[in-house]
Each structure stands twice: as structure tokens, then as C-alpha cells.
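J.: Here's a structure for you.
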Amino acid sequence: MMKGFSNSEKRKLKINSFGNGFRQLSLLLSTIDDAALTYRSKGDVWNISEMVIHLADLEATAYVNFRRAVAEPTEGIIAFDKDLWAEALPYYDQPMDASVRLFRLLRTSNYLLLKNISHDAWLHTVNYPEHGQISLEDLLDLYESHFERVMTEIQKISANG
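In terms of this note's numbering, the sequence shown opens at residue 20 and continues consecutively.
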């Protein structure tokens, strides 16, 4: 997919893809009617609304973790148990509108940070509880791949709802 690009060009493409996350989420949500947002089949753990709330919580941790990686490299960063959070922070009772707005603000801020940090900052590593010592770029890849998995799941549920 990115064959023939330099590492710097690949990183720029990743950052731009990350920066388009809110637009992708907005476009997808605009195709889903309101009833489908809270639909849950027997096989679904979460409904679409709960997934969007989860994305906002994840982006909030990314906000802290990216900054920690830049300012305090080698330190530990935040990971959380998504199922515990969903239950303890009753995702099922929350409207997703505030989470959509929060996701937009946090994603924009995270994108601007990643777009503007120095080359040297990309060499920083952090201690991620589930993965050990990882680079800032690996951290970006983890957040982006998780976002893509959630988007795929939202598409799947909306197609079945």
C-alpha cells in the first residue's frame, strides 16, 4: 500500500489518515438511522451508540498518551478495560451526542500534535501495559487499527439493524 514511500512520507500518510477519523465517523453515522444506533442483536456485545462512546474514551486516553510519549518518553501510559468502563460508566444510558463532539475535539487536537512534533519525538518510546516498550509511531498504529476495527463493527451492526 505504501510501497515506494520514504518513512517520513509513510508517517505523513498515517497522520493524515488519523486526522480524517472524525470525518469517517461522521459520514458513517450519517448513514445510520436513529433506531439502529441502539440496536443490539444477540451476538453483539455493544450497540453503535456504545461504540461511539468508547471511541471518545479511547481518544481521551490517546490525548494523554501521545503527549506523555512526546514529553515524558519511556514512562508508562494509560490502558483501560473497555468492558469494565462500559459497565461502570453506563455507556448504555448515555446519549452519544456529547461523545461525538468530544471525539471531534480530541481527534483534532491529537492530529495537530502528531502533525507538528519533531522528527526526534517520533523516536520516543513509552511503556504500554499490554505491549511493553513501544515507539510513538507504534502507538499511533495501535490507535488507528483499533479505530478501524470499531468502524468495521459499526458498519456490520448497521447493516444488520
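Glycine is no exception: its CB is placed at the ideal position from the N, C-alpha and C atoms.
Beta-carbon within less than 7 angstroms of residue 63's beta-carbon, same chain only, minus the 5 sequence neighbours each way: which residues are those?
T.: Numbered from its first residue, the sequence shown carries residue 63 at position 44. If we look at residue 63 and ignore the five residues flanking it on each side, its Cβ neighbours are 176.
J.: Secondary structure at residue 50, three-state DSSP: helix, strand or coil?
T.: As a working mapping, residue 50 is identified with position 31 in the sequence shown. In this structure, residue 50 counts as coil in the three-state DSSP scheme.
J.: Could you tell me which of 87, 33 and 68 sits nearest to residue 146, measuring between CA atoms?
T.: In the sequence shown, counting from the first residue as 1, residue 146 sits at position 127. If we check each option's Cα against that of residue 146, 87 comes out closest.
J.: Can you give me the Cβ contacts of residue 59 inside the same chain, cut-off strictly under 7 angstroms, excluding the 5 residues immediately before and after it?
T.: Along the sequence shown, read from residue 1 onward, the residue named residue 59 stands at position 40. Within the same chain, residue 59 has close Cβ partners 66.
J.: I'd like to check one pair, residue 110 with residue 72: are the Cβ atoms closer than 7 angstroms?
T.: The residue given as residue 72 occupies position 53 in the sequence shown. The residue given as residue 110 occupies position 91 in the sequence shown. Contact: yes.
J.: Please confirm whether residue 132 and residue 85 have their CB atoms less than 7 angstroms apart.
T.: Numbered from 1 along the sequence shown, position 113 holds the residue referred to as residue 132. Numbered from 1 along the sequence shown, position 66 holds the residue referred to as residue 85. A contact, by the Cβ cut-off of 7 angstroms.
J.: List the DSSP bridge partners of residue 144.
T.: Position 125 of the sequence shown, counting from 1, holds the residue named residue 144. 154, per the DSSP bridge assignment.
J.: DSSP state of residue 95, grouped into three classes?
T.: Stepping through the sequence shown from its first residue, residue 95 is reached at position 76. Strand.
J.: For residue 160, I'd like the list of residues in its chain whose CB is within less than 8 angstroms of its CB, leaving aside the five on either flank, ordered along the chain.
T.: Your numbering for residue 160 matches position 141 in the sequence shown. These residues qualify, in order along the chain: 33.
J.: For residue 77, does the count of other Cβ atoms within 10 angstroms reach 16, so buried, or fall short, so exposed?
T.: Numbered from 1 along the sequence shown, position 58 holds the residue referred to as residue 77. Buried, because 16 or more other Cβ atoms sit within 10 Å of the Cβ of residue 77.
J.: Within 10 angstroms of the Cβ of residue 105, are there 16 or more other Cβ atoms? Answer buried if so, exposed if not.
T.: For the purposes of this step, residue 105 is taken as the residue at position 86 of the sequence shown. Residue 105 should be labelled buried.
J.: By how many angstroms is the C-alpha of residue 157 removed from the C-alpha of residue 151?
T.: Your numbering for residue 151 matches position 132 in the sequence shown. Your numbering for residue 157 matches position 138 in the sequence shown. Each residue's Cα considered, the two are about 11 angstroms apart.
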